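*Asks:* Under the numbering used here, the first residue of the sequence shown carries the number 3, and numbering increases by one thereafter.
Beta carbons are placed, not taken as given, at the ideal position from N, Cα and C, and that holds for glycine.
Model, not experiment: these values are computed from the prediction.
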Amino acid sequence: ATSIGAVFGTSNTTTYVESAAGIGAGGRTGLTSVVVALLFIVSAFFTPLVSAIPAVATAPALIIVGVMMLSSFKEIKWGDLDEAIPAFFAGIFMALCYSISYGIAAGFIFYCIVKVCKGEAKEIHPILWISTFLFIINFYLLTKF
3 ATSIGAVFGT SNTTTYVESA AGIGAGGRTG LTSVVVALLF IVSAFFTPLV
53 SAIPAVATAP ALIIVGVMML SSFKEIKWGD LDEAIPAFFA GIFMALCYSI
103 SYGIAAGFIF YCIVKVCKGE AKEIHPILWI STFLFIINFY LLTKF
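So this is what it looks like as structure tokens:
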């Protein structure tokens, strides 16, 4: 799904938290994810209808969602640099790049930078190193093309 989504220029599909939302709503089996996938497919047919709604009409809802997302910032341990610096830059990148995916990428990159600067590079999982490297390549390629 991630590869197909990228071909069509969408956000990285792994950033959608439909599974977590389904669990939060009471879903306990894989059927929850299947239902969400089917509803995503059905929603594709409503794209022309939704595209007729001007951005001005959706702006208030987006502002409310943004405020709700900011409320989770109070749960960040701001005294712990391992957590605070990546979270700060993730939030900044999301806002300035208009992309949740780029914000997550920035969080990964800055987490690795903080750990390396603190001499704790061995604590970083190899998959996180690989993801960070791929994010850096992605950002580099964005500047070239």
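Would you decide whether T134 is buried or exposed? Buried here means 16 or more other CB atoms lie within 10 Å of its CB.
*Replies:* Buried, because 16 or more other Cβ atoms sit within 10 Å of the Cβ of T134.
*Asks:* Leaving out five residues before and five after L144 in sequence, what residues of the same chain have Cβ atoms less than 6 Å from its Cβ?
*Replies:* No residues qualify anywhere along the chain.
*Asks:* Are the beta-carbon atoms of E85 and K76 separated by less than 9 Å?
*Replies:* Cβ distance not < 9 Å, so E85 and K76 don't count as in contact.
*Asks:* What residue range does the alpha helix (DSSP H) around Y142 cover?
*Replies:* Element bounds for Y142: P128 to K146.
*Asks:* What residue does the alpha helix (DSSP H) around F47 start on, and which one ends it?
*Replies:* Element bounds for F47: n/a, residue is neither H nor E.
*Asks:* Classify I106: buried if its beta carbon has 16 or more other beta carbons within 10 angstroms, exposed otherwise.
*Replies:* When all chains shown are included, I106 counts as buried.
*Asks:* Assuming V36 and L83 are in contact, meaning their beta carbons sit under 8 Å apart, how far apart are those beta carbons, in whole angstroms?
*Replies:* Not a contact, Cβ separation roughly 41 Å.
*Asks:* Please report the distance separating the alpha-carbon of S103 from that of F90.
*Replies:* Roughly 15 Å between the two C-alpha positions.
*Asks:* Return helix, strand or coil for Y104, following the three-state DSSP convention.
*Replies:* Helix.
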